[in-house]
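Residue numbers (the numbering used here): 26 to 568.
Glycine included, every Cβ here is placed at the ideal spot set by N, Cα and C.
Read through the structure below, which is laid out as structure tokens, and then see the notes.
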């Protein structure tokens, strides 16, 4: 059974409430815009460091209707790619819709032809009644609307969602170059939009497969070398396959963790009912109707050895939680520290329906998850004592209790103080990835969420649990991206880039540049266009 998994971070809202109620309407942030395919200048205020050479590439939805048919869910919108080119202290901007099959077919017919996560495409009205009836029995086709992230394999940039289809794009012009199907290279039906990388460029990812015996989670490895200029995913291999707790109802995952020696897969109780998903067209239901939260199931951490591809026999359990983005994972003194943004409730599926995002007031008072650390002991043997806390790290409040020789129950410690709740928690985490991914680190960055989209930028110090904030009224920042400065000596020597948009003033977007150390504004580049609130991006250095 081939199931299309276009699932982005749907459920990561925890039921905390901010101290601010009656939040403003953000309809312009989730409304369609025009593309800007040719570079346009920006107006720079302040100073943008001249050592920054390259482009911030971002991805997200940019068109929410075709003709008189509208998408139901934020994540259904057609992919719009953005490029902020930074050179000699100046910035230019361009954007382009991804020429996916979904976008092309929808545009040609001026209606929604391809189903997305929360929107079921209606039968062709030009067909007769019998043909429309039979179309309900057709298997769903995977969308190639790759609107989640920019990813890099073998030196090439792709835009990705979570189905089996990516698109190779030109990072300078944003033109679509080639549609690439994971299933042509390895037996998977999709892959996440959040791969991890070893220092040599080896990429790791995860993707599900659906076989006669049910679903499997697969760890994927893609080599860094290319055999020729047209090489894409050649050489990709499945490193390990993991059986779900229930093969007919596997867990949804948006990303995974990785330390120096292990891939960490988090099997969370956000479940996908494969029968409901496969029969959704017949029942007139979109894919999101087959996804649900089961608070009665525990969360399981699976560790896979990156060298041998073997799943470790010890399983780490914790209470039901939902997570969509990991901050970092590293090994130290016989423990694996897994840091991630998570919450205790994963059932807020309707928060990102377009009709909800276009409301205001008390309906929008829910906010996002909080950063937490789990400490996983690695050296478990037959001599390991039972029913006592194995976490011996000083000043750590996380616990890890061995119930049997292969089962350890864990609790977390907070990576924040109580005052973070004033900013609605934290999501879209980012670190100095180039130097500190899989290593002990001190700082992480993210968006505060007193709204359903980020409304502040936050820098957290793990040593003190204190944080710095950038926030201004009616301004909504994107995921922060850290850029290391030349000759950097300290972890936070660099800048933070974020795209700032507002629903209260037309064409008032700007690229914000913060000093990563002081978190003070250095400069901004004002762009005379409207940009919807997007998802993820990367910095493509030309230095």
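Contact set for residue i: own chain, Cβ-Cβ below 7 Å, skip 5 residues either direction
| i | result |
| --- | --- |
| residue 268 | 241 |
| residue 252 | 259 |
| residue 297 | 274, 275, 277, 315 and 316 |
| residue 226 | 249 |
| residue 117 | 64, 65, 66, 67 and 110 |
| residue 527 | 499, 500, 501 and 533 |
Residue i: first and last residue of the uninterrupted beta strand (DSSP E) it sits in
| i | result |
| --- | --- |
| residue 131 | Per DSSP, residue 131 belongs to no beta strand (DSSP E); it is in the alpha helix (DSSP H), 126 to 134. |
| residue 574 | Given a span of 26 to 568 for the chain in the structure shown, any question on residue 574 remains unanswerable. |
| residue 243 | 239 to 247 |
| residue 332 | Per DSSP, residue 332 belongs to no beta strand (DSSP E) and is neither H nor E. |
| residue 204 | 201 to 206 |
| residue 361 | 360 to 368 |
| residue 547 | 546 to 552 |
| residue 561 | It is not in any beta strand (DSSP E) - residue 561 carries neither H nor E in the DSSP assignment. |
| residue 232 | 228 to 236 |
| residue 536 | 534 to 540 |
| residue 266 | 262 to 267 |
| residue 348 | 347 to 357 |
Spatial distance of residue i from residue j (CA atoms)
| i | j | result |
| --- | --- | --- |
| residue 559 | residue 184 | 13 Å |
| residue 567 | residue 79 | 5 Å |
| residue 159 | residue 309 | Low per-residue confidence applies at residue 159: pLDDT is 42, beneath 50, and the placement is therefore not dependable, though the value from the model is reported in the following sentence. Answer to the nearest angstrom: the Cα atoms are 13 Å apart. |
| residue 256 | residue 176 | 16 Å |
| residue 59 | residue 91 | 13 Å |
| residue 564 | residue 508 | 8 Å |
| residue 344 | residue 233 | 24 Å |
| residue 230 | residue 280 | 8 Å |
| residue 312 | residue 531 | 34 Å |
| residue 132 | residue 501 | 30 Å |
| residue 270 | residue 340 | 12 Å |
| residue 214 | residue 512 | 43 Å |
| residue 351 | residue 327 | 15 Å |
| residue 181 | residue 517 | 28 Å |
| residue 464 | residue 496 | 30 Å |
| residue 395 | residue 483 | 12 Å |
| residue 56 | residue 547 | 30 Å |
| residue 321 | residue 82 | 40 Å |
| residue 338 | residue 521 | 40 Å |
| residue 187 | residue 288 | 19 Å |
| residue 405 | residue 475 | 41 Å |
| residue 50 | residue 450 | 20 Å |
| residue 540 | residue 115 | 17 Å |
| residue 480 | residue 119 | 24 Å |
Contacting residues, own chain, Cβ-Cβ under 6 Å from residue i (five flanking each side not counted)
| i | result |
| --- | --- |
| residue 264 | 244, 246 and 334 |
| residue 272 | 239 and 240 |
| residue 372 | 318 |
| residue 383 | 52 |
| residue 154 | Reliability fails at residue 154, whose pLDDT of 44 lies under 50, so the model's placement of it is uncertain and no value is given. |
| residue 222 | 228 |
| residue 433 | 341, 425 and 427 |
| residue 493 | 484 and 544 |
| residue 219 | 280 |
| residue 262 | 246 |
The alpha helix (DSSP H) enclosing residue i, as first and last residue numbers
| i | result |
| --- | --- |
| residue 309 | Segment: none, residue 309 is in no alpha helix (DSSP H) and carries neither H nor E. |
| residue 380 | 379 to 382 |
| residue 460 | 458 to 461 |
Below-8 Å beta-carbon distance, residue i vs any chain B residue
| i | result |
| --- | --- |
| residue 520 | The chain labelled as chain B is not found in the depicted structure, where only one protein chain is given. |
Cut-off 8 Å between Cβ atoms - residues of its own chain near residue i, not counting five sequence neighbours on either side
| i | result |
| --- | --- |
| residue 423 | 398, 399, 400, 416, 435, 436, 437 and 438 |
| residue 26 | Unreliable placement is indicated for residue 26, whose pLDDT of 33 sits below 50; the coordinate value is still reported in the next sentence. Cβ within range, chain order: 235, 299 and 303. |
| residue 412 | 426, 427 and 428 |
| residue 461 | 353 and 516 |
| residue 487 | 440, 466, 467, 468 and 469 |
| residue 305 | 145, 165, 311, 312, 314 and 315 |
Any non-hydrogen atom of the ligand NAP within 7 Å of residue i CB
| i | result |
| --- | --- |
| residue 515 | As presented, the structure is devoid of all ligands, the ligand NAP included, so that no description of it is given. |
Is it a yes or a no for the region 168 to 187 touching the region 120 to 127, going by three-plus beta-carbon pairs under 8 Å? yes
Complete alpha helix (DSSP H) runs within the region 45 to 114 (minimum length 4 residues, chain order): none
On the three-pair Cβ rule with 8 Å, is the region 430 to 440 touching the region 454 to 468? no
Alpha helix (DSSP H) runs contained entirely in the region 274 to 310, provided each spans 4 or more residues: 299 to 303 and 305 to 308
For the pair the region 179 to 194 and the region 203 to 217, tell me if three or more CB-CB distances fall below 8 Å. yes
Is the region 133 to 148 touching the region 90 to 109 in the sense that three or more CB pairs, one from each, lie closer than 8 Å? yes
Could you tell me whether the region 499 to 506 touches the region 469 to 489, where touching means 3 or more Cβ pairs closer than 8 Å? yes
Can you list the beta strand (DSSP E) stretches of 3 or more residues lying completely in the region 436 to 486, in chain order? 451 to 455, 468 to 473 and 481 to 486
Mind pulling the beta strand (DSSP E) runs of 3 or more residues that sit fully within the region 493 to 530? 506 to 509 and 519 to 526
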